[in-house]
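Numbering (UniProt numbering), first residue to last: 1 to 452.
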């Protein structure tokens with residue numbers, strides 16, 4: 001049988017609608033997933049939780065990213081030049097247009113303009129651990145270098161060459177050699193201070209650097225070298241060999257013919273001795289010492305006898321015996337380490353009828369570890385005082401607690417003293433009285449302090 005009419009899709013009609021689910025178009029589409037059989041419904045819930053957790057993490061990261069954009073971004077600095085050194089670089093210092101680097105085998109100088117190696121010093125083949133430098137003017141610089149053995153080398157850098165002036169703490173007997181643990185060079189290069197330590201004691205030496213005579217000698221030597229070079233050039237027009245020798249002659253003359261004056265030892269500051277029993281026979285003797293300003297403020301002018309000290313110590317030990325046994329008895333020793341600063345002129349340090357320059361130090365401030373006193377010494381001492389004598393401070397500022405660290409402002413007017421009790425005192429050195437006292441949180445130990 002054949003069909004008479006072609007196949008066609010019948011038009012929809014209401015008769016074809018399902019009779020049981022007439023309200024299917026009113027249902028929530030999400031509810032359609034509830035009809036999934038197990039375990040697909042559980043899988044669906046787990047996937048939904050994963051997506052929700054991911055969206056929370058994305059939103060949290062986006063909030064952090066927006067908050068980070070609102071903060072001030074630090075400037076990223078990239079190196080503009082690279083210096084190639086021989087050996088290991090231990091320290092460096094900048095003075096003028098030169099960078100001086102302490103190496104494992106000596107010293108090296110670099111020019112900051114073209115980032116090239118200027119010269120090097122390796123005559124002693126010693127490792128340099130610390131450097132201090134100052135610009136003296138006229139292309140002349142003074143350097144203090146400390147090597148691995150604690151020796152202090154004093155250099156003058158002029159016309160791109162190192163000139164060794166002196167080794168400050170060198171002695172013939174090596175067993176009696178004292179090592180340098182700290183070196184400070186004053187601004188302008190007028191004074192230098194080195195802290196030395198022996199086997200059982202430590203002391204501070206202050207040197208005056210004759211920079212004026214150094215500059216004069218350098219100018220004379222520079223003029224002589226230029227004159228020698230000109231005379232050589234006039235006589236060397238006939239030979240290329242003479243021209244080559246001529247180019248080398250100024251450098252050798254500059255390095256070999258210069259003899260600079262050594263530094264002058266001004267002060268030798270020793271740590272304060274422990275307070276002991278009095279040697280005064282009567283209060284009148286103590287009052288005479290006070291009138292002479294002898295050891296005023298150090299605690300030595302008292303009337304307590306040795307027997308009274310011993311009795312007081314016995315009472316203290318009997319009262320706190322259990323605590324002393326638990327912590328151990330620490331015997332009072334003479335300190336070996338100190339912190340010192342060069343100080344510019346002020347009302348306290350200026351001697352009467354003394355003409356001083358405002359940018360040249362006139363004194364030093366010293367405090368020893370575990371000591372309560374900040375001692376000030378004048379650099380221009382009377383000639384009658386010997387350098388090796390037991391030097392007494394000119395001004396003493398006592399503190400309530402042992403001084404832990406100190407700092408001096410760039411203008412040298414303000415002094416900050418931090419005690420072991422976490423108290424910071426700001427002194428006006430020009431007027432001589434404290435400006436503020438700040439107590440930090442308890443059980444805090446201040447290790448360093450700086451002016452900004």
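Even for Gly, the Cβ is constructed at its ideal location relative to N, Cα and C.
None of the values given here were measured: they were computed from a predicted structure.
Give me the Cα-Cα distance between residue i and residue j, rounded to the nearest whole angstrom.
i	j	result
residue 50	residue 56	10 angstroms
residue 424	residue 261	42 angstroms
residue 41	residue 54	20 angstroms
residue 153	residue 97	22 angstroms
residue 396	residue 406	15 angstroms
residue 401	residue 167	38 angstroms
residue 190	residue 378	14 angstroms
residue 355	residue 71	53 angstroms
residue 412	residue 308	43 angstroms
residue 144	residue 195	13 angstroms
residue 313	residue 323	14 angstroms
residue 220	residue 137	15 angstroms
residue 85	residue 108	8 angstroms
residue 435	residue 182	30 angstroms
residue 87	residue 110	15 angstroms
residue 184	residue 282	43 angstroms
residue 432	residue 364	15 angstroms
residue 233	residue 222	With a pLDDT of 40 at residue 233, under the threshold of 50, the modelled position of that residue is not reliable, and the figure given next carries that caveat. Going by the C-alpha atoms only, they are around 17 angstroms apart.
residue 59	residue 148	57 angstroms
residue 321	residue 306	22 angstroms
residue 83	residue 115	7 angstroms
residue 496	residue 179	Past the boundaries of the shown model lies residue 496; the chain is included only from 1 to 452, so the question cannot be answered.
residue 165	residue 93	19 angstroms
residue 439	residue 410	24 angstroms
What is the C-beta distance between residue i and residue j, in whole angstroms, given that I count them as a contact (C-beta under 8 angstroms)?
i	j	result
residue 345	residue 358	6 angstroms
residue 192	residue 263	7 angstroms
residue 159	residue 172	Their Cβ separation, rounded to whole angstroms, is 33 angstroms, which puts residue 159 and residue 172 out of contact at 8 angstroms.
residue 122	residue 106	3 angstroms
residue 451	residue 420	Wrong, their Cβ atoms sit about 21 angstroms apart, outside the cutoff.
residue 337	residue 202	6 angstroms
How about residue i and residue j: are their beta carbons less than 9 angstroms apart?
i	j	result
residue 78	residue 186	no
residue 393	residue 375	yes
residue 142	residue 206	no
residue 366	residue 204	yes
residue 391	residue 265	no
residue 95	residue 133	yes
residue 399	residue 417	yes
residue 429	residue 349	yes
residue 119	residue 214	no
Beta carbon of residue i: closer than 8 angstroms to some heavy atom of the ligand ZN?
i	result
residue 119	Only the bare structure without any ligand can be found here, which leaves the ligand ZN out of the picture.
Threshold first: 3 residues or longer. Then list the beta strand (DSSP E) segments lying entirely within the stretch 37-97, N to C. Within the stretch 37-97, complete beta strand (DSSP E) segments of at least 3 residues are found at 89-95, given in chain order.
Are the stretch 92-102 and the stretch 129-148 touching by the rule of at least three beta carbon pairs closer than 8 angstroms? Touching, yes, given that three or more Cβ pairs across the two stretches are closer than 8 angstroms.
Where are the alpha helix (DSSP H) runs, 4 residues long or more, that stay fully inside the stretch 359-421, in chain order? If you keep only unbroken alpha helix (DSSP H) runs of at least 4 residues inside the stretch 359-421, you get nothing at all.
Go through the stretch 103-133 residue by residue and report every complete run of the beta strand (DSSP E) that reaches 3 residues or more, in order. Runs of the beta strand (DSSP E) inside the stretch 103-133: 106-111, 116-121.
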